[in-house]
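S.K.: Have a look at this one before I ask anything.
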Amino acid sequence: MKAPARPRTALLIVDMQEDIVGMREVTRRTVQPLRSVLDAFRKKGLPVFHIVRTYRRDWSDVELPRVAEFQVRGPRVIENTPGARIVAPLAPREGEHVVVKKRWSGFFMTELPLLLHRLSVGAVVIGGTQTPNCVRSTAFDAVSYDLDTTVLSDGTSAATPQVHQSNLQDMAGIGIRLQTCDEVIERIGKLRG
């Protein structure tokens, strides 16, 4: 069976918001490599999606497993607060899509699948945080949508290197390509916009 003609590649940057990036040094270290990949996509005129998580002030849309965490540590990424903003080096430009999600995956109950389809996207490159949660969920769902899926091995992060590597191995096990930011930049340089 032949795959449908969807020639474009899109970049999905997941949860790189002030409240989330500020929590761990390992996440802060991914900002500059992600910026380099973002610049490569922009230079080629390829689609860019900033996938963000925000919650209502009354917490009515917070996942049940996170309610207890919010009660102990306080809320994060509350809509229209500074903590919900995308970090400045990765801030969206005009024409780039911002997709708001309420759960782990950037695909779950969002317009992302429709937008990718309408833009003839057949491949996605995913970076952001955290590897075992939102990055992994988004990557697994991308594969479920028959998208050629790449995860940036050095453009994602987790609480520990062991958790990060274990999740990368799991993703590779279902056919997700793992590449460094530099490898993706080289590959994108060869694509047409």
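Here my numbering is used: position 68 in the sequence shown is 54, and no number is missing along the way.
All C-beta atoms, glycine included, are put in the ideal place defined by N, C-alpha and C.
1. Using alpha carbons as the reference points, say which of D156, V0, K87, E82 lies closest to D47.
2. Would you grab the beta carbon distance between C120 and G114 for me? Rounded to a whole angstrom, and I think it's under 8 Å.
3. Out of curiosity, what's the CA-to-CA distance linking I6 and M157?
4. Nearest to R21 by CA position, among W45, M95, L138, P147, is which residue?
5. CB-CB under 7 Å to P192, same chain, minus the five flanking residues each way: which ones, in chain order?
6. Using 8 Å as the threshold, is the stretch 158 to 173 in touch with the stretch 22 to 29, meaning 3 or more CB pairs across them?
7. Select from A54, D127, I37 the residue whose C-alpha is nearest the C-alpha of R71.
8. Do you know whose CA, among G161, L177, Q3, P51, lies nearest N66's CA?
9. When the distance is taken between beta carbons, is A144 closer than 8 Å to T117?
10. Thinking just about the alpha-carbon of each residue, which of P147, T146, R42, D140 is nearest to the one in Q165?
11. Closest to E49 by C-alpha separation, out of A74, R79, S91, would be which residue?
12. Report buried or exposed for H150, applying the criterion of at least 16 other Cβ atoms within 10 angstroms of its Cβ.
13. Using CA coordinates, which residue listed in P61, L(-2), K176, R59 is at the minimum distance from P33?
M.R.: Quick look at the numbers:
1. Here residue 47 refers to the residue found at position 61 when the sequence shown is read from its first residue. When each option's Cα is compared against that of D47, the closest is K87.
2. Here residue 120 is taken as the residue at index 134 of the sequence shown, counted from 1. Here residue 114 is taken as the residue at index 128 of the sequence shown, counted from 1. With a Cβ gap of about 7 Å, C120 and G114 count as contacting.
3. Residue 6 sits at position 20 when you count from the first residue of the sequence shown. Residue 157 sits at position 171 when you count from the first residue of the sequence shown. One C-alpha to the other measures close to 22 Å.
4. The residue labelled residue 21 in the question sits at position 35 within the sequence shown. That would be L138, whose Cα lies nearest to the Cα of R21.
5. The question about residue 192 has no answer, for the chain in this structure spans -13 to 179.
6. yes
7. Counted from its first residue, the sequence shown places residue 71 at position 85. Nearest C-alpha to R71: I37.
8. For the purposes of this step, residue 66 is taken as the residue at position 80 of the sequence shown. Out of G161, L177, Q3, P51, Q3 has the C-alpha closest to the C-alpha of N66.
9. As a working note, residue 117 is residue 131 in the sequence shown. As a working note, residue 144 is residue 158 in the sequence shown. In contact: T117 and A144 (Cβ atoms closer than 8 Å).
10. Position 179 of the sequence shown, counted from the first residue, corresponds to residue 165. It is D140 whose Cα lies nearest to the Cα of Q165.
11. Your numbering for residue 49 matches position 63 in the sequence shown. If we check each option's Cα against that of E49, S91 comes out closest.
12. The residue given as residue 150 occupies position 164 in the sequence shown. With 16 or more other Cβ atoms within 10 Å, it is buried.
13. As a first step, residue 33 must be located in the sequence shown, where it is residue number 47. Here the closest residue by C-alpha is L(-2).
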